[in-house]
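Reading through the C-alpha cells given below for one structure.
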C-alpha cells in the first residue's frame, strides 16, 4: 500500500520505537507509582502498629503501678490498645480496611507487602497472640483486683517485649527499605524517560534538519528546473485554478504575472473565442473524469494548437500560436491535478505557413519568369538598356539616402523624400513596362518609407525596414540583369539592330506609350498619347532623365486624377477616349525648350487640395487659400487628393517628383486648368539647363 511505503523509513522506525519505549516507561512509572502508594499504606500501618505496641507497654506499666482507683482505667485503655494492635496486625496478614486515626481509613493489600517482610508477620503473630489472649481475658469489674492474673499478664508481656518490639521494628524497617527502593526505581524510570525524551527530541531535531535540508535541496532543484525549462509548466486543479508553483517561462509565454490561483477558464476567455473556451472546458471535464480513458481523448484536445490574443508591453494585442498538453496526476490512485505544458509554437506555425506558401508559389514563380521573358522580348533594346541603367541609378540614390540615415542623429526628415521619390519613379516605370515583380518590390520600399511620415522624431533604426526592402529590390534587379545578359550572350535578344540615331528619344516615347496602356488597363479608362517634337529633337543628356520623370508623373497624375471613365466622358459629351498631348519645341531662338502637357479631363480639384492641405495642417481650417497658393500646395510632399492609397495614386509624391525635376533643370512652370475641360502644364527650360531654381 502507498501509505506503508510512505511510513517506511528511519523517521517512521524512530517514531515507532519512541512510542513503544514511552509506553513502557509510562506503564513502569504507573506500576512503581502504585507500588509506592501501596508501600506507603503498609508503612503507615506497620508504623502505627509499632506505635500502638509502645503504647501497650506504657499502659501495662500504668496498670501495674497505678493505685486501685486508676487501675481500671489503665486496664480499659490496655484492652483498647491491644485490640488496635491486633487489628493492625491482622490487616497486614490478611488485608482489609483499617482505621489508623479518626477519619483516616486505609485499605491494605497483603500482596503488596515485600517478600522479605512476609515471614516476619507470622513471627510477630506467634509472639503477640498469647499476650493478646491474656489481655482479652482480664476480668471486668471487681475481678480486676485479682492482682495475681494481672501480674502474670504483665509479666508474660514483659517477657516478649523485646521480641515483639524488635520484630515490629524489623517489619517497619523492611517495608520502609522496600518503599525507598521502589521510589528509587520510579525515579530511575522518570530520569530514564526524561533522558530518552531529550535524546529522542534531539534525534528528531537532527532528522528534521536533515529532512528540511533534503526538502530545501529538492525545492532548489525544482525551482532551478522551473526557472530554466523552456516550456510553461503548471498544475491545474478541479476548480480550473493554477497552482502556486509554475515555470518562469509561463509568465513570458502568456504575457501575465502572478499566475498562482488564476482561473484558467477566465484566462482563456481573454485569449480565445468563446466557442473554443467552451470546448476547452468540456475537454477538461473529460480529463477530470476518471471513468474516461486518457489515451482515448488525447486527440480531442482543442488547445493542441490554438491561435490566441496576448497583450504586449506596448499595450497592443498580438496574435500568437500556443500548444497546450495535459497529463493526469494521481496520488493513491486518486486523480488530483492535471499537469499542463504550454509552448509558444508561433515561429513553427508561421514557418510552416511560409513553407506551404513557398510550395504553392513555385508555379507562380515559374509563371512570373515566363512573363518576365515575354516582357523583355517586347522591349526595344535601346530602351531596355537605357531604362535598366536609369533604374540602377534610382536605386543607388535611395541606397545613398538610407546609408546617410545611419550617419545622422538629426535632420532625418528630408531623407524620407530622398528615398521616396526614386522608388516612386521606379515603381511607375516598371509598372508601365509590365515588370510587375519589380514594381511590387519598389512599392514595398515606398510603403516602408511612407510609414515613417507620421513618426516624430525619427531615428536611424526607423529606416531598417526600408533598407531590407531595398535589398530585396536589388536582388530582383540583379535577376533581371542576369537574364538579359544570358539572352544577349546567346544571341536571343531582339535588340541586335543598328544603333539608334542619337537625335531621337524613341526609348522615352516607348516608355510613355507603355505607361498609358498599363494605366488604361489598371484604371478602366481610355487615354491616347499624342506626341509632337519628342522624336524630332535631340535632347541634351542633362535633360533626359528630368524630362522622363516629369512626363511619367504628368501622365500618371492625369490618368489617376483627371481622366474620366468612358461612361462619364460620354455623359459629358466628350469622346470616350481622352487625349494626352505632349509637345516639345524650341523657343526664343533656341535659348529655351518649351514642353507642354495637356489632358482633356476633369481639371484640377481645388476644393480637394484645400481640404487635404487643411487635414495636413498646411493651412488653417478657417482659411481659404488663393488659387495660386493651392497650385503651389499641389507640389507639397505627401499631399494627395486621392481618397485611398493605390499603386497609381495616394502617396502624394508624384508632383513632388515633378517639383524636384523642375528645380534640377532650372525650369519655369505654368499651370492652366478649366473645370471639366482640361489641365495644362507648360515648362520653359533653359537650353543650358544650368540647374537654377524653378520659379
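Residue numbers (my numbering): 472 to 1166.
No residue lacks a Cβ here, since even glycine has one placed at the ideal position from N, Cα and C.
Can you list, in chain order, the residues of its chain with a C-beta nearer than 6 Å to that of residue i? Leave out the 5 residues immediately preceding and following it.
i            : result
residue 1028 : 1125
residue 1108 : 888 and 1127
residue 1079 : 1112
Name the one or two DSSP bridge partners that residue i has.
i            : result
residue 750  : The partner list for residue 750 (beta bridge, DSSP) is empty, contrary to what the question assumes.
residue 1139 : 1155
residue 1002 : 1053
residue 806  : 801
residue 1144 : 1150
residue 796  : 812
residue 568  : 578
residue 1065 : 1056 and 1155
residue 713  : 707
residue 781  : 789
residue 734  : 712
residue 1070 : 1051 and 1150
Express the C-alpha separation of residue j and residue i in angstroms, rounding to a whole number.
i            : j            : result
residue 982  : residue 1087 : 34 Å
residue 780  : residue 1019 : 49 Å
residue 747  : residue 1085 : 47 Å
residue 676  : residue 663  : 19 Å
residue 575  : residue 627  : 33 Å
residue 562  : residue 660  : 31 Å
residue 698  : residue 949  : 49 Å
residue 855  : residue 1110 : 32 Å
residue 597  : residue 567  : 20 Å
residue 1165 : residue 815  : With a pLDDT of only 40 at residue 1165, under the threshold of 50, the placement of this residue in the model should not be trusted, and no figure is reported.
residue 957  : residue 860  : 17 Å
residue 1051 : residue 1001 : 6 Å
residue 921  : residue 934  : 11 Å
residue 971  : residue 986  : For residue 971, the predicted structure reports a pLDDT of 44, less than 50, and the residue's modelled location is therefore unreliable. The matter cannot be settled from this model.
residue 891  : residue 857  : 22 Å
residue 1100 : residue 1025 : 20 Å
residue 810  : residue 678  : 32 Å
residue 967  : residue 1006 : Note on residue 967: pLDDT 45, under 50, position unreliable in the model; the coordinate value appears next. C-alpha separation (whole angstroms): 21 Å.
residue 910  : residue 902  : 5 Å
residue 1149 : residue 1096 : 22 Å
residue 1060 : residue 1022 : 24 Å
residue 715  : residue 658  : 52 Å
residue 631  : residue 669  : 56 Å
residue 820  : residue 1106 : 46 Å
residue 1070 : residue 817  : 53 Å
residue 775  : residue 684  : 39 Å
residue 731  : residue 717  : 8 Å
Taking the alpha-carbon of residue i as reference, which of the options has the nearest alpha-carbon?
i            : options                  : result
residue 1003 : 770, 859, 980 and 601    : 980
residue 531  : 553, 750, 516 and 1106   : 553
residue 1076 : 1032, 600, 1066 and 1095 : 1032
residue 1068 : 1041, 1144 and 1105      : 1144
residue 897  : 693, 917, 609 and 887    : 917
residue 599  : 618, 624 and 727         : 624
residue 1053 : 1153, 1129 and 1095      : 1153
residue 1011 : 1157, 557, 862 and 604   : 1157
residue 1016 : 718, 864 and 808         : 864
residue 878  : 931, 704 and 894         : 931
residue 606  : 649, 653, 581 and 557    : 557
residue 1009 : 549, 604, 1057 and 1039  : 1057
residue 650  : 583, 1064 and 771        : 583
Go through its chain and collect everything with a Cβ distance to residue i's Cβ below 8 Å, but skip five positions before and after it.
i            : result
residue 1035 : 996, 1043, 1045, 1049, 1072 and 1073
residue 645  : 585, 587, 588 and 591
residue 1168 : The shown model of the chain, from 472 to 1166, leaves out residue 1168, and the question about it has no answer.
residue 579  : 512, 513, 516, 562, 563, 566, 567, 568 and 569
Excluding the 5 residues flanking residue i on each side, which residues of the same chain have their C-beta closer than 7 Å to its C-beta?
i           : result
residue 594 : 638
residue 927 : none
residue 884 : 929
residue 515 : 571 and 577
residue 763 : 757
residue 601 : 627
residue 778 : 790 and 792
residue 526 : 552
residue 945 : 866
residue 548 : 530
Do residue i and the ligand FMN come close, with the Cβ less than 7 Å from some heavy atom?
i            : result
residue 1066 : Here there are no bound small molecules, and the ligand FMN is not part of this structure.
Along the chain, which unbroken stretches of the alpha helix (DSSP H) at least 4 residues long are found entirely within the region 893-943? Counting whole runs of 4 or more residues, the region 893-943 contains the alpha helix (DSSP H) stretches 907-921.
List, from N- to C-terminal side, the beta strand (DSSP E) runs of 3 residues or more that fit wholly inside the region 667-708. 703-707, all fully within the region 667-708.
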